[in-house]
Structure formats: structure tokens, C-alpha cells
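The structure under discussion appears below in the form of C-alpha cells.
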Amino acid sequence: MTFEKLGLNADILKAVSDLGFEIPSEIQEKSIPQLLESDTDLMGLAQTGTGKTAAFGLPLIQKIDFESKDTQGLVICPTRELCNQITRDIKAFSKYLPRPNVVAVYGGASIDNQIRSIKRGAQVIVATPGRLVDLIKRKAIKLETVKIAVLDEADEMLNMGFKEDIDFILSQTPQTKSTWLFSATMPKEVRRITKEYMDDPFEVTVGTKNTTAKNIEHVYYMVKERDRYLAIKRLLDFYPDIFGLIFCRTKRETGMISEKLEKEGYNVTALHGDLSQAQRDAAMKKFRERTVQVLVATDVAARGIDVDSVTHVIHYNLPDDVENYTHRSGRTARAGKSGMSLSLINTKESYKIRQIEKIIGSKIEYKKIPGSDDIREQQMMALVDRVVATEVNENELDKYWDMIYEKFQNYSAEEVVMKFISAEFNKFIEYYKKSGDLNASKNDKDSGGSNARGDKKNRNLSGDSQRFFINLGEKQNLNKGALVRLVCTTSGINSKDIGRIEVHGGYSFFEVSKSASKGIVAGMTGKDYEGKDFVVEETEPRKGGGGSYKGRKKRSGGRSGGRRR
Ligand code: ADP
Ligand code: MG
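Sequence positions in the sequence shown follow this note's numbering and run -14 to 550.
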């Protein structure tokens, strides 16, 4: 099958070919001829990534009279991001047509600018429901001339509570128009809409059986609930060249995870409904331009987003509605590429994996969270690959070459390579020395994890010291190295001022040289450790080999005991 056979005009075919589309996708092949030949209503059931935009966009523009300035095509979709994406696509499809004006209208942006664009004569308007209702009520938009109304991602719009808005909008359009509805799922509410607004619609269904692309590798990992965040970091470290999405269940979780990852130096940004429109635009822009590697997003915010070459979709938490798994995973393995969909679950969530396997009709493979050796190897090789791929700028280097040569002249080529790699890599080795196995299983104390044994330094302070208590220990994933980092980053002291450390089950002690100890409690109060709040207080020096919890209680008083000195 070719696009030529679908009945599209030469100008449109040229634009399609410019986009690199050669073979119509299934939904395009099934819908386009039908929509061109008749004025039928249409109901298309298809997953994201199946090419729906062209399936409705191409026949839409062919049926529009661009010599007129009347608004003839109306596309309604759930989010601003989609609105922009569809507008961009339709503009690309119509670039060889006379004076097309395709206008996007959505909330959060200047309504005056949008009104001005509409006034210039917009043959096609792509809109989110809320803003469109505003425009209608302000009489800034006339829909009497609409010939075709498209409802894209109808199920999502209904999920988001746009039913009334859609009712109102459609009531403003002429009875004679055609309605084309697209949806990834067909819940009762969508059925009802098709009954209400459509007249014996032509139905197209594609890919119900194997709903996700075949070239997606599905994997899940099992971790303890409290290790989810650490596990995400492992995955990001294991895939240093990732260009992907992390899905969270709520806006709050999305914000928190992205903020923490960003703080820890990962190249991520967030996309969710609590951000301002400007922030959301900036996030999408950075992601499209690949200045960020990972977008941390909610289901709603990322619905239908089409960015090429996404390598991984990570489910920080599985969606509450398992159907959303397919939508999420559909962000990768697009346009013939392959991708991975990685899920983190806790020990009680295996049933969800089985549910999803049923829906996607394929197996989700269990894998272990990569251990430090695996990660080091991946990172090392990624670094080496980057070094090998680096272009040498001889002109610039020439100036310094004599100096550089002098410094290195006593090293062999191997030594020089080792030094450069180590210079980049040592930090990483340090971090992973201190981390254990995150896989949740009955005997999860194995796998060479070195929790609580990480900081091998013999920490002895020469002068006076102050001892502190903190209510974090092994149970909260703390080890000596992590404690040193926590103390140093929160209070700003140098690690050489930290003396003896004892990490116990649910609490720990550490010593700080007297001179540096003043700011510890103030500096650490109000901070969190991997999302967990904690309490730090001064306590009495360690007696002999003791340092037991009992001893501490008696001497410094518990939090609630009110016996603090
Ligand atoms: P959907 O709306 O079903 O989620 P899109 O319309 O966003 O899917 O299309 C998904 C991706 O596939 C887009 O990047 C689009 O440019 C590309 N695409 C669509 N149709 C074709 C085709 N016939 N050949 C190649 N790529 C296509
Ligand atoms: Mg779409």
C-alpha cells in the first residue's frame, strides 16, 4: 500500500513524502479513503503511536477550502502539549496548500493572541476544551461553518472531566458536520458520546490484540517500597545514554522524584499539571531538543506526546489504571525503532504485572536491579565510547600541546588513558562501593552488597569531639558513607571533621570535631534523607566500647521523652 493509492491530492502527498512517510499505517490505510470518499462519521479505536494524527489530519485538510477563511476544521484534544503537536503536524501536512492558517488554542497562554490569530481567518482550529469554551463564550470564535469536528484522545478527555465542555462545544457546531472520534480505549462514556453525537459511524479498530509495539522489551524489577528511589537511580546509571520518560502516579510524586534526581545531578526535568504553562513548555522544549535526557511525568501530562527515539519508559510506580501501561509504553519504540519499558514493583504488586501481561498479550520479564559491578561496567564503557567518539580539535589544542606533552612525557600511552578514564570515573566508583543489592527477595542480604561496611576509613579525630545521634540506620538504607555524605552536604562541614561512626538498625551515632560541631544540628534540621525526615541531636561521648541504644536513651533522652539536657 502507498499513500498515492489513498486518494490524496498531489500537494498533500508531497508534504507526506517530505515527512518521510512511505507506507500508510493501518489506521491511515483504513480511514483515509473512507473519509475522503464520504461525509461519514468515524470512530477510530487505536493505541497511541499508530499514526492517528495523519489518519484524520490528511483527509481533514483535503476537505477544507483554503481559499475561504471560514473555520471548517475543529480538532479537540485533552492537553496543551497535544494541541501543539497536532497543530505542528497539520501545518506540516498543509505546507503546499494555499494560505493555510492552523491555530492552536489552549489555556494558560494569552487569549488575546489566540483571538487575534483566529480573527485572521483560521481554517483549522486545534483546541483544548476549556479554552475553546472560553472563546465561544466571549464570541471570539464562530463554529457555524465547521464541516468536520475531530475528538482526539476522547477517552482521556472524558477522564479529565471535559464531558460538559465537549457537549457545549459540539452544540455550537452545525448538525450537518461530520464527527471523527479517536480513542485508545472504549469505555462506556466514549460509547455514549458516539451514540449521542454520531450517526452510524464508520468504525475502524486497529491493533487490539497486540496493543503495544512488538519491538518493546518489557521488564520488571522487584524492590522494597523504600528502595524505589534508589532503584531508579540504578537504572539511570545503568543506562547512561537513556533518552526516556519516568512515569509517576501523582503530580506530587512526579515533582518530588524529579527534584531529587535533579539535585543529585541527573539530567531530568518534570512535566505535570501543577507546573505553570511556561514551565511545561520549557520542559517539553528541553526534552524535544534533548537538552534533558529524562522527563519525569504524570500520565495525563504525557498522554499522546510524540517525541522520536525515546529509548526507555520507566514506571516508577505502575499506573492505577493498568490500561495506562500501554499508553506509557507507547512513548517508546516508535517509527520502527525499539525500546524498553521498565517497571518497578514492590513485593506485593506482582499481580499487577500479570494483569498487564494479559492486556499487552506478552510477557514481562523479571530482571534484577543492576548491581554495582554491572553499572560500573556500563558507565565505563559509555565513557570510553564517548571518549572514542570525541572529535579532536587540533587547531585549538596546538597552542597547548607543548605544555601538555611535557606533563605527560613520562607516562606510557596506557597510563595516560588510564589516568583520563579514572579522572572521570573515580567519583562513580566511590559511590557504588557504598551501595548494596536492592533486589527484594527472601534472602536479600547477599549479592555482595556492602551496606554499612562502605566507609572503611579509620576515622579518628585528634582533638575534642562532639558525638551526635541520628534516628536513621540500616533500616533506612543508611551506611557510613551515606551518613558522611548526608552530614557534609547538609551542614557544610568537611568529611575530615567527622570521626567515629556507628550505624545501627534504626539509628546511628557520629562524632564531629568540636570546632566543626556547632552548625550540625542547625544545618541538618529540616533536611531529609532520601525523602525521609530525621532528627539529629547532640549526645554524650561514647563510653568504652559501648554506644548502645539503651545508653543513649538514658543519657540524652528520647524525642518524646522530654528529658533532653
Ligand atoms: P497517535 O496519534 O496514534 O499516537 P501519531 O499521529 O502521533 O500517533 O504518530 C506517531 C508517530 O508516527 C509520529 O512521529 C508520526 O510522525 C509517525 N508516523 C505517522 N504515520 C506514519 C507513517 N505512515 N509512516 C511513518 N511514520 C509515521
Ligand atoms: Mg495522537
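Don't be surprised by glycine CBs; every beta carbon is placed ideally from N, CA and C.
Within 10 angstroms of its Cβ, does residue 477 collect 16 or more other Cβ (buried), or is it exposed?
-> Residue 477 is exposed by the Cβ-count criterion.
Ranges of the beta strand (DSSP E) found wholly within the region 456 to 502, counting only runs of at least 3 = Listed in chain order, the beta strand (DSSP E) runs fully inside the region 456 to 502 are 483 to 488, 493 to 498, counting runs of at least 3 residues.
Using a Cβ-Cβ cut-off of 6 Å (strictly less than) and excluding sequence neighbours within five positions of residue 163, which residues of its own chain qualify?
-> The residues 24, 26, 133, in chain order, have a CB closer than 6 Å to that of residue 163 in the same chain once the five nearest residues on each side in sequence are set aside.
Using the beta-carbon count (16 or more within 10 Å), is residue 293 buried or exposed?
-> Counting C-beta atoms within 10 angstroms of its own C-beta, residue 293 has fewer than 16 neighbours from the protein chains shown and is therefore classed as exposed.
Residue 356 to residue 337 span [Cα, whole Å] = One C-alpha to the other measures close to 25 Å.
Residue -11 burial status per 10 Å Cβ neighbour count (16 or more: buried) = Residue -11 comes out exposed.
Sheet register partners of residue 165 (DSSP bridge) | According to DSSP, which records beta bridges pairwise, residue 165 is partnered with 27, 135.
Output the distance between the C-alpha atoms of residue 420 and residue 508, rounded to the nearest integer angstrom.
-> Spanning the two alpha carbons is a distance of roughly 25 Å.
Residue 229 by DSSP, collapsed to three states: which one?
-> In the structure shown, residue 229 sits in a strand (DSSP, three-state: E or B).
Whole alpha helix (DSSP H) elements within the region 368 to 427, 4-residue minimum | When DSSP assignments are scanned along the region 368 to 427, the uninterrupted stretches of alpha helix (DSSP H) that are 4 or more residues long and fall wholly within it turn out to be 379 to 393, 398 to 418.
Taking only runs of the alpha helix (DSSP H) that begin and end inside the region 261 to 315, which ones reach a length of at least 4 residues, in chain order?
-> Contiguous alpha helix (DSSP H) elements confined to the region 261 to 315 occur at 262 to 273, 284 to 287, 309 to 314, taking only those with 4 or more residues.
Report the three-state DSSP secondary structure of residue -9 (helix, strand or coil).
-> Helix.
Leaving out five residues on either side along the sequence, give the residues of the same chain with a beta carbon under 6 Å from the beta carbon of residue -4.
-> Result list for residue -4: 81, 82, in chain order.
Kindly list the residues whose CB is nearer than 6 Å to the CB of residue 512, restricted to its own chain and excluding five residues on each side of it in sequence; keep chain order.
-> Same-chain partners within the cutoff: 475.
Residues near residue 4 by beta carbon distance below 7 Å, same chain, minus five either side | Around residue 4: 77.
Could you tell me the boundaries of the beta strand (DSSP E) in which residue 14 lies?
-> Here residue 14 belongs to no beta strand (DSSP E); instead the alpha helix (DSSP H) covers 11 to 22.
Please list, in chain order, all residues of the same chain as residue 471 whose beta carbon is under 6 Å from its beta carbon, the five residues on each side excluded.
-> Here the set comprises 514.
Residue range of the alpha helix (DSSP H) that includes residue 175 | Going by DSSP, residue 175 is part of the alpha helix (DSSP H) stretching over 173 to 182.
State the Cα-Cα distance for the pair residue -8 and residue 41, rounded to the nearest angstrom.
-> Spanning the two alpha carbons is a distance of roughly 14 Å.
Alpha-carbon to alpha-carbon, residue 284 and residue 177 = Separation of residue 177 and residue 284 (C-alpha to C-alpha, rounded to the nearest whole angstrom) is 24 Å.
Figure out for me which residue from 496, 268, 67 has the closest Cα to the Cα of residue 524.
-> It is 496 whose Cα lies nearest to the Cα of residue 524.
Reduced DSSP secondary structure (H/G/I, E/B, other) of residue 56 | In the displayed model, residue 56 falls within coil according to three-state DSSP, outside both helix and strand.
At a cut-off of 8 Å, is residue 138 close to the ligand MG when judged by its beta-carbon and the heavy atoms of the ligand?
-> Distances taken from the Cβ of residue 138 to the heavy atoms of the ligand MG include one shorter than 8 Å.
So the beta strand (DSSP E) residue 247 belongs to, where does it begin and stop?
-> Bounds of any beta strand (DSSP E) do not take in residue 247; it lies within the alpha helix (DSSP H) bounded by 236 to 248.
DSSP on residue -3, reduced to helix/strand/coil?
-> Note: residue -3 maps to helix in three-state DSSP.
Let me know if residue 382 comes out buried or exposed under the rule of 16 or more other beta-carbons within 10 Å of its beta-carbon.
-> Result: exposed.
Can you grab the Cα-Cα spacing for the pair residue 282 / residue 153, in whole Å?
-> Between residue 282 and residue 153, the C-alpha separation is close to 30 Å.
Count the C-beta pairs between the region 228 to 245 and the region 253 to 270 that are closer than 8 Å, then say yes if the count reaches three, no if not.
-> At 8 Å Cβ cutoff, the stretches touch.
Which listed residue (136, 108, 119) has its alpha carbon closest to that of residue 129 | Between residue 129 and the set 136, 108, 119, the nearest pair of CA atoms involves 108.
Taking the Cβ atom as the reference point for each residue, do residue 87 and residue 111 lie within a distance shorter than 9 Å?
-> Against a cut-off of 9 Å, the Cβ pair of residue 111 and residue 87 comes out as a contact.
Would the beta-carbon of residue 189 fall within 9 Å of that of residue 16?
-> Here residue 189 is near residue 16, since their CB atoms are less than 9 Å apart.
Where residue 6 and residue -1 are concerned, what is the direct C-alpha to C-alpha distance, given to the nearest angstrom?
-> Spanning the two alpha carbons is a distance of roughly 10 Å.
Provide the residue span of the beta strand (DSSP E) that contains residue 39, from first to last.
-> That residue, residue 39, is in no beta strand (DSSP E); its alpha helix (DSSP H) goes 37 to 47.
Option nearest residue 506 by Cα separation, candidates 500, 517, 453, 484 | When 500, 517, 453, 484 are compared, the shortest CA-CA separation from residue 506 is found for 453.
Coarse secondary structure for residue 121, derived from DSSP in three states = Residue state for residue 121 is assigned as helix, using DSSP reduced to three classes.
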